[in-house]
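S.K.: Quick one: this structure, given as structure tokens, is what I'll be asking you about.
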Amino acid sequence: MSKPDGTNAPGVGAVDIDAGILDEMIRIRRHLHRHPELSNREANTQRYLRQALAQQGIANISDVAGFGLAVDIVGTGKPSNRKIAIRADIDALPIEEESGVDYASANPGVMHACGHDAHAAMGFAVAAHLHRSRAEFGGTVRLIFQPAEEDEPSGGKRVVEEGLLDDVDAAICVHVDPYTPSGKVAVGSGPYTLACDTFDAVVIGEAAHAAKPYEGVDAIAVACSMVSELQKIVSREIDPYDPLIISVTGINGGSAYNVIAGKVALKGTIRSGSTATRERARRRVREVLAGIAASHGASVKVDVHEGEPGVVNDGEMAELISASARACIGVENVLNTPGWSIADDFAYYSEKRPSVYFRLGIRNEAVGSVFPLHHPRFRVDEAALGIGAATMASAAIRFLSEQSD
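Going by our numbering, the letters in the sequence shown line up with residues 22 to 426, in that order.
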């Protein structure tokens with residue numbers, strides 16, 4: 022592939038993916054973008070990707086984790102006793118698309134607003150390239166097209182539970198990054214995403230006539246107090262250098278203009294960096310909500326649901342990605358960066374095996390790929406996808422060229 026300066030001289034160890042594969046990668050990405058499916062409902066996505074892989078002559082494709090796929094590409098070159106997994110998530114989000122692209126979602130209320138269509142397409146390109154060039158390496162690359170990254174039950178957790186990492190030595194995944202300029206790769210070692218828990222709360226007050234609110238207990242007023250007081254856990258109880266985010270993401274209550282609501286439902290998310298802060302935040306959410314309810318003469322039922330842990334990047338695996346990306350796009354385009362505050366169920370992989378989660382810059386004002394993740398106008402700069410695919414393929418081959426102890 023071309024270097025950022027427009028030359029066609031890849032560095033030592035770079036991977037040059039065939040132009041036909043890259044063209045097919047873009048076609049696949051656009052098809053998936055136009056036909057998005059929500060978590061644990063990716064039946065058509067699974068079918069489509071299976072067909073795309075089979076058309077490349079790839080056999081022995083297995084269904085995994087419900088609506089996911091896994092395939093092993095086995096090198097026939099110099100023998101290697103190593104095996105590496107590459108994860109590509111495939112699910113979409115419940116968002117109405119407003120991106121304006123020609124291949125916008127045809128599924129109302131569902132959109133690939135997090136780039137998983139791009140991840141799946143890059144996974145395809147890696148699989149196709151490695152299949153064609155398997156005589157040039159030894160060992161095994163396991164491509165995992167994972168469902169349900171965005172919602173429970175977690176596809177990443179199911180992948181681990183089904184034993185797909187039991188016989189691998191390490192794992193890699195990429196995430197498109199609209200905050201980093203297109204053409205650059207960002208990676209670092211250590212904690213790289215936050216843990217994610219969710220909570221549901223039902224506030225029970227007492228209904229009354231809207232003209233006589235003093236005769237009831239206004240559950241909406243109580244809920245509003247809860248939303249603001251929860252933020253004080255972050256701003257007044259936690260060291261600002263210890264990541265914690267508490268967001269109320271849904272509120273529902275009331276049915277008429279002239280009735281004081283007797284019940285309101287809240288839902289939200291808790292994102293945390295350390296184990297101690299995670300445990301404290303879950304406890305304090307319960308305590309604050311219960312205290313606010315009691316102070317208003319209401320009651321509350323709170324359920325906190327434990328989600329994925331944070332991704333932790335292995336130092337050697339992070340350097341593997343860095344070296345591979347440097348070979349593909351030049352040292353000046355590889356950034357050593359800290360993690361970000363999103364969560365990702367690739368964390369279950371990183372708990373099981375040495376892993377690396379890296380970010381592929383897609384920010385490009387010329388094509389409008391400047392909107393954040395989970396935004397209805399989110400776009401991907403498709404010119405960057407070849408870099409992501411080449412970096413992963415190069416990293417896999419480099420990893421397999423070494424022997425396990």
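Each residue gets a CB set at the ideal place from its N, CA and C atoms; glycine is no exception. Note that the coordinates shown come from a computational prediction; the quantities given were computed from them, not determined experimentally.
Looking only at its own chain, which residues have a Cβ that is under 6 Å from the Cβ of Arg347, when we skip the five neighbours before and after it?
M.R.: Excluding the 5 residues flanking it on each side, Arg347 has same chain C-beta neighbours closer than 6 Å at Val355, in chain order.
S.K.: Alpha carbon to alpha carbon, how far is Pro330 from Ser246? Give it in angstroms, no decimals.
M.R.: 29 Å
S.K.: Going by the DSSP bridge assignment, what does Gly220 pair with across the sheet?
M.R.: One point to set straight first is that residue 220 is Phe, not Gly, in the sequence displayed. The secondary-structure analysis by DSSP pairs Phe220 across a beta bridge with Gly289, Val325.
S.K.: Write down the C-beta distance between Ala417 and Ala146 rounded to the nearest angstrom, noting that I regard them as a contact closer than 8 Å.
M.R.: With a Cβ gap of about 12 Å, Ala417 and Ala146 do not count as contacting.
S.K.: Taking the alpha-carbon of Asp187 as reference, which of Ile342, Arg384, Ala364, Pro375 has the nearest alpha-carbon?
M.R.: Pro375
S.K.: Please classify Asn128: does DSSP put it in a helix, a strand, or coil?
M.R.: coil
S.K.: Going by other Cβ atoms of all chains shown within 10 Å of its Cβ, with 16 needed for buried, is Asn81 buried or exposed?
M.R.: exposed
S.K.: Below 8 Å between beta carbons: does that hold for Cys135 and Leu164?
M.R.: no
S.K.: Can you find the residues in the same chain that come closer than 8 Å, C-beta to C-beta, to His395, ignoring five residues on each side of it along the sequence?
M.R.: If we look at His395 and ignore the five residues flanking it on each side, its Cβ neighbours are Leu114, Ile116, Ala134, Cys135.
S.K.: Can you tell me whether His137 is helix, strand or coil according to DSSP?
M.R.: helix
S.K.: What's the C-alpha gap between Phe399 and Asp112?
M.R.: 15 Å
S.K.: Please classify Gly184: is it buried, with 16 or more other beta-carbons within 10 angstroms of its beta-carbon, or exposed?
M.R.: exposed
S.K.: Does the beta-carbon distance from Ile107 to Val180 come in below 8 Å?
M.R.: no
S.K.: Output yes or no for whether 8 Å exceeds the beta carbon distance between Gly360 and Pro212.
M.R.: yes
S.K.: How would you label Tyr369, buried or exposed, when you count the other beta carbons within 10 angstroms and need 16 or more for buried?
M.R.: It is buried - the Cβ of Tyr369 has at least 16 other Cβ atoms within 10 Å.
S.K.: If you count every other CB in all the chains shown that lies within 10 Å of the CB of Glu337, and 16 or more means buried, which is it?
M.R.: exposed
S.K.: Whether or not the stretch 317–324 and the stretch 380–388 are in contact is what I'm after, with contact meaning three or more pairs of Cβ atoms, one per stretch, closer than 8 Å; do they touch?
M.R.: Judged by Cβ distances under 8 Å, the stretch 380–388 makes no contact with the stretch 317–324, as fewer than three pairs qualify.
S.K.: Give the straight-line distance between the Cα atoms of His54 and Ser316, rounded to the nearest whole angstrom.
M.R.: 48 Å
S.K.: So, helix, strand or coil for Glu183, using DSSP?
M.R.: coil
S.K.: Does the distance from the CB of Ala109 to the CB of Gln167 come in under 8 Å?
M.R.: Pairing Ala109 with Gln167 gives a Cβ-Cβ distance under 8 Å.
S.K.: Quick one: what's got a C-beta closer than 6 Å to Val285's C-beta in the same chain, skipping five residues either side?
M.R.: Val224, Ala240, Ile241, Ala244, Gly274
S.K.: By the three-class DSSP mapping on this structure, what secondary structure does Ile418 have?
M.R.: helix
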